[in-house]
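Quick note on the working numbering: the sequence shown kicks off at 225 and runs consecutively. Just below is one structure, and these are the notes that go with it.
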Amino acid sequence: MKFLSLMLALSVSLLLHSQGTEKTYLLKVAKLYDSEKNSFLKNQEILVKGKKIEKVGTNLTKPEGAEVINLQSCTVTPGLIDAHTHVLTIQKMTDPLETDLFVNGDMERTLRAVGICKSFLEAGFTTIRDLGNSGQFLDLNLKRAIGNGWMIGPRMVVSGPILSPEDGQFFNLASHNRFVIDKEYRVIKNVEDARQAVKDHISKGADVIKVVMGDGRITLPLEEVKMIVETAHSFGIKVTAHATYDAVIDRALEAGVDGIEHGYGIADSLLDKMARKKIYLVPTIGDYDAYIRLFADNERKITPDELNGLRSYVAAGETIVKKAIEKGVMVVNGSDMYLFNKIPQGQAAKNTLDTYFEACNNPADVLKTATKNAAIACGVDGFTGVIKENMTADIVAFEGDLEKDFKKTLYKVKFVMKEGQIYVR
Ligand SMILES: [Zn+2]
């Protein structure tokens, strides 16, 4: 009984405490990107109370005690979303993907990810969807650590280990080293195993199921992918497929996945199919200058042949982004930035948006891929991805005019708020 009254007293005082510390801000902004109208609105005000956006409009009344934040030289957008990250892996361009796993233990990968997560938030990403190569559920541990306030980072939507065919994504391993595949992937053995893998992942806390269709000699058969999708959907969980060439893209679409990651060189007919079936595309393509910098950062000389190859690779990627938008496919921002950079990873991740801009030359369309569209793909559109009443206060301000000077302004982050808390100002 004593304990019960103590608990009651504690909860009352906690309630008073949280009410007392609930901050109110009135943000005055020059330009606001409205991700639902897909347009820019001038001279807006945003009233934030606690974790939520209370009101958006012009000439709002300033509540007593509210702090006014002057963003009148800025463009404001919903907190950005990167729907394809791997914060627990770094690959040097001179090494195969699995090197990180051989060199670094779970602790080192996690501690390194602490800095990477912070860099994403500071670059303006308030949500990331981390799609595997994260050991055995280290992504889930990070998500919890951020949620508990033990470290600073974006909200995380996590997949846990990628469901994959026998190779995972580690090719050419010596047979005595193949054990590492099971340290990083969940290899699917057959249809029943596919069902069990999805159930295990969901029970452990995966928010999304990521499946690698296969880039090696072995690919996942249709029946297994169908079972993955059917099981995940029965629990209300989305499935997104790493698919890098038409045969496996088509198979993933037939199986009923919610999204395609990469989709390099995807055929027009498949884009049409995606538009019809309302399946999103995450074109993880970087921009040419960024790739050149990556080669330099990785002390990797580039041959003239590679340079030409790179040029056509980027151009092909841009064409696909342009076509996908024109055909009405929902394009979603995803950087897939896990390569070693000398600049912070969060900042490096933005070069994907540069590429989308080169492709469509429309700042609103590009921002939509990283806000509303990405929120839908990540299953967080019920509370973020748009700045409007009752949404979570995930807000970013860029110094300058994103509509007029997209590529430069994108890197000038002046203010970051996640769930009503300010991280950059
Ligand atoms: Zn990836």
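Every residue, glycine too, gets a C-beta built ideally from N, C-alpha and C. Values in this document were obtained by computation on a predicted structure and should not be read as measured data.
Through-space distance from alanine 491 to arginine 535, alpha-carbon basis: Here residue 535 is taken as the residue at index 311 of the sequence shown, counted from 1. Here residue 491 is taken as the residue at index 267 of the sequence shown, counted from 1. So the alpha carbons of these two residues sit roughly 20 Å apart.
Reduced DSSP category for lysine 642 - H, G, I as helix; E, B as strand; rest coil: The residue labelled residue 642 in the question sits at position 418 within the sequence shown. Note: lysine 642 maps to strand in three-state DSSP.
Identity of the residues DSSP links to glutamine 268 by a beta bridge: Here residue 268 refers to the residue found at position 44 of the sequence shown. Glutamine 268 is bridged by DSSP to Val253.
N- and C-terminal bounds of the alpha helix (DSSP H) containing methionine 498: As a working mapping, residue 498 is identified with position 274 in the sequence shown. Start and end: 492 to 501.
Stretch-stretch touch, CB-based, cutoff 8 Å, three pairs: the segment 287 to 306 with the segment 346 to 353: The segment 287 to 306, when compared against the segment 346 to 353, does touch it at the 8 Å Cβ threshold.
Opening and closing residue of the beta strand (DSSP E) in which proline 528 lies: Looking up residue 528 in the sequence shown gives position 304. Counting along the chain, proline 528 falls outside any beta strand (DSSP E), though it belongs to the alpha helix (DSSP H) covering 528 to 551.
Nearest-angstrom Cα separation, counted from glycine 274 out to methionine 561: For the purposes of this step, residue 561 is identified with residue 337 of the sequence shown, where counting begins at 1. For the purposes of this step, residue 274 is identified with residue 50 of the sequence shown, where counting begins at 1. Looking at the backbone, the Cα of methionine 561 and that of glycine 274 are separated by about 32 Å.
Per-residue DSSP class, three states only, for glycine 339: Taking the sequence shown and counting its residues from 1, one reaches residue 339 at position 115. Correct three-state label for glycine 339: helix.
Cβ-heavy atom distance, aspartate 560 to ligand 1, below 6 Å: Translated into positions along the sequence shown, residue 560 becomes position 336. Yes, since a heavy atom of ligand 1 falls inside the 6 Å radius drawn around the Cβ of aspartate 560.
Alpha-carbon spacing of valine 640 relative to valine 327, whole angstroms: Mapped onto the sequence shown, residue 640 falls at position 416. Mapped onto the sequence shown, residue 327 falls at position 103. Whole-angstrom Cα-Cα distance: 34 Å.
Cβ shell of alanine 510 (< 7 Å), same chain only, five flanking positions each side left out: Position 286 of the sequence shown, counted from the start, is the residue given in the question as residue 510. Per the sequence shown, the amino acid found at residue 510 is glycine instead of alanine. Asn575, Thr576 and Thr579, listed in sequence order.
With 16 other Cβ atoms within 10 Å as the buried cut-off, status of lysine 255: Position 31 of the sequence shown, counted from the first residue, corresponds to residue 255. Buried is the call here.
Alpha helix (DSSP H) segment containing isoleucine 452, residue limits: For the purposes of this step, residue 452 is identified with residue 228 of the sequence shown, where counting begins at 1. From DSSP, the alpha helix (DSSP H) with isoleucine 452 extends over 446 to 458.
Alpha-carbon spacing of glutamate 613 relative to tyrosine 515, whole angstroms: Looking up residue 613 in the sequence shown gives position 389. Looking up residue 515 in the sequence shown gives position 291. When the Cα atoms are used, glutamate 613 and tyrosine 515 turn out to be separated by approximately 40 Å.
Rounded straight-line distance, which links the Cα of leucine 397 to that of asparagine 585: Position 361 of the sequence shown, counting from 1, holds the residue named residue 585. Position 173 of the sequence shown, counting from 1, holds the residue named residue 397. Rounded to whole angstroms, asparagine 585 to leucine 397 spans 43 Å at the Cα level.
Paired residues, beta bridge with histidine 466 - DSSP: Walking along the sequence shown from the start, residue 466 turns up at place 242. Listed as beta-bridge partners of histidine 466 by DSSP are Val436 and Glu485.
Alpha helix (DSSP H) runs contained entirely in the segment 316 to 374, provided each spans 4 or more residues: Under the rule that a run must span 4 or more residues, the alpha helix (DSSP H) segments found entirely inside the segment 316 to 374 read 323 to 327, 330 to 346 and 362 to 371.
Per-residue burial, alanine 539 [other beta carbons within 10 Å of its own, 16 or more giving buried]: As a position in the sequence shown, residue 539 is number 315, starting the count at 1. Alanine 539 is exposed by the Cβ-count criterion.
Integer-rounded CB distance, given that valine 435 should sit under 8 Å from isoleucine 473: On the sequence shown, position 249 is the one that residue 473 refers to. On the sequence shown, position 211 is the one that residue 435 refers to. Not a contact, Cβ separation roughly 12 Å.
Contact check, proline 302 vs aspartate 618, beta carbons under 7 Å: In the sequence shown, residue 302 corresponds to position 78, counting from 1. In the sequence shown, residue 618 corresponds to position 394, counting from 1. Cβ atoms of proline 302 and aspartate 618: closer than 7 Å.
Tyrosine 537 versus glutamate 530: straight-line alpha-carbon distance, rounded: On the sequence shown, residue 537 is found 313 positions in, with the first residue counted as 1. On the sequence shown, residue 530 is found 306 positions in, with the first residue counted as 1. Looking at the two C-alpha atoms, the distance is approximately 10 Å.
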